[in-house]
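Read through the structure below, which is laid out as structure tokens, and then see the notes.
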Amino acid sequence: MDIFALKPLIICALIFVPLERLLALHPQQKILRKSLGIDVIYALLNSFILKVVMILVAASAASLAGLLVPERLGPIVSGQATWLQIVEIIIIADLGVYAAHRAFHAIPALWKFHAIHHSIDELDWLATFRAHPVDQIITKSVSLLPILFLGFSTEAIAIYFLIYTGHALLLHANVRMNFGPLKWLIASPQFHRWHHADHREAYDKNFASQLSIIDALLGTFHVPGSALPEKYGVDEPVPTSYLGQIGYPFLRRNQERANAAVGTPASDA
Ligand SMILES: [Zn+2]
5 MDIFALKPLI ICALIFVPLE RLLALHPQQK ILRKSLGIDV IYALLNSFIL KVVMILVAAS
65 AASLAGLLVP ERLGPIVSGQ ATWLQIVEII IIADLGVYAA HRAFHAIPAL WKFHAIHHSI
125 DELDWLATFR AHPVDQIITK SVSLLPILFL GFSTEAIAIY FLIYTGHALL LHANVRMNFG
185 PLKWLIASPQ FHRWHHADHR EAYDKNFASQ LSIIDALLGT FHVPGSALPE KYGVDEPVPT
245 SYLGQIGYPF LRRNQERANA AVGTPASDA
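Per my numbering, the sequence shown runs over residues 5 to 273.
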């Protein structure tokens with residue numbers, strides 16, 4: 005059994021490595037870049053974690069839906085045309101992603117988890133997977149629980165996952181791609197590169213994962229013309245090893261507590 009989803013990862017590589025060579029935004033960026041091995045570990049382990057999370061979220065949704073959702077709602081929702089269900093899922097899930105993502109930026113204790121994803125300084129398709137499991141579990145729960153709760157069909161959810169995954173990989177890929185006026189509606193690679201920019205004016209912008217219109221409506225949209233960021237990553241010292249990154253949010257909190265106990269301010273250096 006392919007519990008770590010190695011085959012889908014190979015298929016993604018077969019699609020995105022040639023695409024990045026064809027449409028390279030930074031042609032000098034190497035395929036075998038630094039931290040590649042860590043991102044492969046994230047890709048394989050996150051896939052396993054996601055499966056576990058989905059099982060738990062689905063079980064929670066089933067028990068909650070039985071208590072709170074009228075019995076007739078599920079058949080009405082799943083009885084709609086599949087394409088309409090997919091559109092509805094994208095809207096509902098991305099509102100959840102936006103809310104969770106914004107919280108991860110706004111709340112310092114949550115940011116320590118999300119800083120792992122922002123520690124990427126060379127964006128490519130594989131970097132998509134670099135996310136702390138706590139970040140992934142909370143974001144997926146917030147965005148997917150309503151979907152399962154409302155009773156969308158398995159087929160629509162499966163197609164949504166394919167679209168979501170392909171879109172997420174494209175957003176991080178080393179590709180030069182603008183969506184023209186559609187950038188106001190659909191998240192583009194340029195839109196998401198500005199989210200990862202280490203530029204003060206771009207901090208806490210572009211939270212949506214698929215629908216940039218959510219940011220446009222809520223005042224967090226930042227895509228200045230056709231410009232692209234010069235620098236990605238974070239200024240804080242995120243460890244470069246996998247285990248160091250997994251422990252980072254907890255160690256930092258312990259260090260800050262210890263500093264507070266002796267009256268020393270926590271250092272970001
Ligand atoms: Zn972020």
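Even glycine gets a Cβ: it sits at the ideal position worked out from N, Cα and C.
Drop a sphere of 10 angstroms on the beta-carbon of residue 249, count the other beta-carbons inside from all chains shown, and report buried for 16 or more, exposed for fewer. Numbered from 1 along the sequence shown, position 245 holds the residue referred to as residue 249. Looking at its Cβ environment, which holds 16 or more other Cβ atoms inside 10 Å, residue 249 is buried.
Going by beta-carbon coordinates alone, are residue 147 and residue 187 separated by less than 8 Å? Taking the sequence shown and counting its residues from 1, the one referred to as residue 147 is at position 143. Taking the sequence shown and counting its residues from 1, the one referred to as residue 187 is at position 183. No, these two residues do not count as a Cβ contact at 8 Å.
Please state the DSSP three-state secondary structure of residue 162. Your numbering for residue 162 matches position 158 in the sequence shown. Of the three classes helix, strand and coil, the one that applies to residue 162 here is helix, per DSSP.
Between residue 21 and residue 76, what straight-line distance do the alpha-carbon atoms span, to the nearest angstrom? Start at 1 with the first residue of the sequence shown, and residue 21 comes out as number 17. Start at 1 with the first residue of the sequence shown, and residue 76 comes out as number 72. Straight-line Cα distance between these residues: approximately 46 Å.
Quickly, what does DSSP pair residue 236 with across the bridge? List them, please. Locating residue 236 in the sequence shown gives position 232, counting from the first residue. Answer is 201.
Looking at the secondary structure, which residues open and close the alpha helix (DSSP H) in which residue 101 lies? Here residue 101 refers to the residue found at position 97 when the sequence shown is read from its first residue. Its alpha helix (DSSP H) spans residues 86-110.
For residue 203 and residue 233, believed in contact at Cβ under 8 Å, the rounded distance: Here residue 233 refers to the residue found at position 229 of the sequence shown. Here residue 203 refers to the residue found at position 199 of the sequence shown. Right, their Cβ atoms sit about 6 Å apart.
Extent of the continuous alpha helix (DSSP H) run through residue 50: Here the question's residue 50 lines up with position 46 in the sequence shown. Looking at the DSSP string, the run of the alpha helix (DSSP H) that includes residue 50 is 40-72.
In the structure shown, what three-state DSSP assignment does residue 81 receive? Your numbering for residue 81 matches position 77 in the sequence shown. DSSP places residue 81 in helix when its eight states are reduced to three.
With a 10 Å radius around its C-beta and 16 neighbouring C-beta atoms as the bar for buried, classify residue 207 as buried or exposed. Taking the sequence shown and counting its residues from 1, the one referred to as residue 207 is at position 203. Classification of residue 207: exposed, given that the 10 Å Cβ count is below 16.
In the DSSP assignment, find the unbroken alpha helix (DSSP H) run with residue 245 in it and report its ends. For the purposes of this step, residue 245 is identified with residue 241 of the sequence shown, where counting begins at 1. Unbroken run through residue 245: none, as it is neither H nor E.
So, with DSSP's three-state summary, where would you put residue 15? Along the sequence shown, one-based indexing puts residue 15 at 11. Helix, per DSSP.
Using a Cβ-Cβ cut-off of 7 Å (strictly less than) and excluding sequence neighbours within five positions of residue 246, which residues of its own chain qualify? For the purposes of this step, residue 246 is identified with residue 242 of the sequence shown, where counting begins at 1. Closer than 7 Å at Cβ, skipping near neighbours: 42 and 45.
Is it true that the CB of residue 178 sits closer than 8 Å to the CB of residue 33? Locating residue 33 in the sequence shown gives position 29, where the first residue counts as 1. Locating residue 178 in the sequence shown gives position 174, where the first residue counts as 1. In contact: residue 33 and residue 178 (Cβ atoms closer than 8 Å).
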